[in-house]
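**Q**
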Ligand code: KIV
Ligand code: NA
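In the numbering used here, the protein residues as written are 280 to 543.
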């Protein structure tokens, strides 16, 4: 078991690596690669399910995937992302939903988007023993209201963002995702906090980095975010395999003798 305390203790020692995963096999690979944290992100809505945003994602969609990821990565910290409106309606419902991630999904922690407005909820969760990861900066669950914008572009925005970060730390979160903030904002917040910051599009000075796995694997050729690095071109790999398979089926080259069962 990897505890939130263990992740917390990495700050200042070495950088933390986090990737998203949504399925058993991918989680197994990430555990074999010693990735520190696997996030079952609500980004699953856009990456796996093909929705235009993360808004349609529900607890019932998330829970089986959290469980699958944990089966693939039993020794890695698995963080489950609370989807839109799974928290915020009432404290009771939010805690019950977080509990589903820990009990049915076997997650090690949960993540919530939000600033000072969700502090009472975070305090309650932490007091009950639920490790909470925060998430500020660009918040995809706010897309209908404000769209997608870089955060921390001027002094005033940086001040608000760093106030939120400090308030969330005081509420008891064990680490904080900073999404699409200026490098200056993320650096200031990272220096200010005693918990690790994990950046995506937040520059070089956060305590850790996170990427969406389908982005960094080049699974979707339409994606070329500035913050992303495409480490392999999985689209081409799968496309070429499918084309070759079709050709071999049509030409009668597959199956070959080695793939065939014979009578005794
Ligand atoms: O859903 C997700 O993948 C996330 C990360 C981008 C932090 O929240
Ligand atoms: Na998310």
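The beta-carbon is built from N, C-alpha and C at its ideal position, and this holds for glycine as well.
Please list, in chain order, all residues with a C-beta atom less than 5 Å from at least one heavy atom of the ligand NA.
**A** Any residue whose Cβ sits closer than 5 Å to a heavy atom of the ligand NA makes the list: 320, 321, 360.
**Q** Taking just the CA atoms, how far does residue 482 sit from residue 452?
**A** Spanning the two alpha carbons is a distance of roughly 21 Å.
**Q** Give the list of continuous beta strand (DSSP E) stretches no shorter than 3 residues that lie fully inside the segment 332–394.
**A** Qualifying beta strand (DSSP E) stretches, in chain order: 356–360, 388–392.
**Q** Within a Cβ cutoff of 6 Å, which residues of the same chain sit near residue 507, ignoring the five residues on either side of it in sequence?
**A** Once the five neighbours on either side are set aside, the close Cβ partners of residue 507 are 494.
**Q** Kindly indicate the opening and closing residues of the beta strand (DSSP E) around residue 455.
**A** Taken as a continuous stretch (DSSP letters only), the beta strand (DSSP E) holding residue 455 covers 454–458.
**Q** So, with DSSP's three-state summary, where would you put residue 323?
**A** Residue state, collapsed to three classes: helix.
**Q** According to DSSP, is residue 492 helix, strand or coil?
**A** Helix, per DSSP.
**Q** Cβ of residue 532 within 7 Å of any heavy atom in the ligand FMN?
**A** For the ligand FMN, the structure offers nothing, since it holds only the ligand KIV and the ligand NA.
**Q** So is the beta-carbon of residue 305 under 7 Å away from any non-hydrogen atom of the ligand KIV?
**A** Result no, Cβ not under 7 Å from the ligand KIV.
**Q** Is any heavy atom in the ligand KIV found nearer than 7 Å to the beta carbon of residue 318?
**A** Under cutoff, so the answer is yes.
**Q** Shorter than 7 Å, the distance from the beta carbon of residue 509 to the closest heavy atom of the ligand KIV, or not?
**A** No, since every heavy atom of the ligand KIV falls outside the 7 Å radius drawn around the Cβ of residue 509.
**Q** Would you mind working out which of 478, 528, 510, 522 sits nearest residue 295, comparing C-alpha positions?
**A** Of 478, 528, 510, 522, the residue nearest in Cα terms is 478.
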